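Undergrad: In my numbering, the protein residues as written are 97 to 232.
Here a beta-carbon is modelled for each residue, glycine too, at the ideal position from N, C-alpha and C.
The structure displayed is predicted, hence computed values, not measured ones.
The structure's right below; bear with me while I get my questions together.
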Amino acid sequence: GCDELPDYWEKPNHHPYIIRIADNIAGFVLVRPYPSEPERWEIGDFFVARAFKGRGIGRISAIQTFDAHPGKWIIRVLDGNRGARVFWAKVIEAYTHGIFTQTAEKFSDPHSGTWDMLFYRFNSRESNTPDTGGGL
Numbered sequence: 097g098c099d100e101l102p103d104y105w106e107k108p109n110h111h112p113y114i115i116r117i118a119d120n121i122a123g124f125v126l127v128r129p130y131p132s133e134p135e136r137w138e139i140g141d142f143f144v145a146r147a148f149k150g151r152g153i154g155r156i157s158a159i160q161t162f163d164a165h166p167g168k169w170i171i172r173v174l175d176g177n178r179g180a181r182v183f184w185a186k187v188i189e190a191y192t193h194g195i196f197t198q199t200a201e202k203f204s205d206p207h208s209g210t211w212d213m214l215f216y217r218f219n220s221r222e223s224n225t226p227d228t229g230g231g232l
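The following block contains the structure:
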């Protein structure tokens, strides 16, 4: 379950997106301000259905999401999720032309516990300034 799912329809600056390919639902993206750094966007959840993987749909959807929300970004990836680590590393490297920071951190969630994660911090193309991860 996702206890925070209603927030994406009820709270300001929370944005649910459906990924569509023709008439098919291929996945979804949930965007919100990062809780401890509300000036920074984050993807709360990102999903592409297995039938649509490997076709660039996830990469294109991520890029469209970053471009739709100019400014500072953070992407958190579970350390144990190899597929997500590979995907986000490639997408963020290409999108930012290598201008990002990556750190290993613990993330505590009141609903699910404490997790080892990789944190990527960067700016969307629209903001035109490198993000050095400062202000933490």
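Okay, do the region 162 to 177 and the region 213 to 221 touch, 3+ Cβ pairs below 8 Å being the bar?
TA: These segments touch.
Undergrad: To the nearest angstrom, how far is the alpha carbon of V125 from that of T197?
TA: Walking along the sequence shown from the start, residue 125 turns up at place 29. Walking along the sequence shown from the start, residue 197 turns up at place 101. For V125 and T197, the distance between alpha carbons rounds to 22 Å.
Undergrad: Per DSSP, E201 is paired with what?
TA: Here the question's residue 201 lines up with position 105 in the sequence shown. Answer by DSSP bridge pairing, in chain order: M213.
Undergrad: Apart from the five residues just before and just after I121, which ones in its own chain have a Cβ nearer than 8 Å to its Cβ?
TA: Taking the first residue of the sequence shown as 1, we reach residue 121 at position 25. For I121, where only same-chain residues beyond five positions count, the Cβ hits under 8 Å are I114, I115, A145.
Undergrad: Mind checking which residues open and close the beta strand (DSSP E) that includes K168?
TA: Within the sequence shown, numbered from 1, the residue matching residue 168 stands at position 72. First-last of the beta strand (DSSP E) with K168: 168 to 174.
Undergrad: Is the Cβ-Cβ distance between A180 and V187 less than 8 Å?
TA: In the sequence shown, residue 180 corresponds to position 84, counting from 1. In the sequence shown, residue 187 corresponds to position 91, counting from 1. Not in contact: A180 and V187 (Cβ atoms no closer than 8 Å).
Undergrad: Between the alpha carbons of P108 and E100, how many angstroms are there, rounded?
TA: In the sequence shown, residue 108 corresponds to position 12, counting from 1. In the sequence shown, residue 100 corresponds to position 4, counting from 1. So the alpha carbons of these two residues sit roughly 13 Å apart.
Undergrad: So, helix, strand or coil for F196, using DSSP?
TA: Position 100 of the sequence shown, counted from the first residue, corresponds to residue 196. Of the three classes helix, strand and coil, the one that applies to F196 here is coil, per DSSP.
Undergrad: Can you give the beta carbon distance from W137 to W169, rounded, assuming they're within the 8 Å contact cut?
TA: Your numbering for residue 137 matches position 41 in the sequence shown. Your numbering for residue 169 matches position 73 in the sequence shown. About 5 Å; that satisfies the 8 Å criterion.
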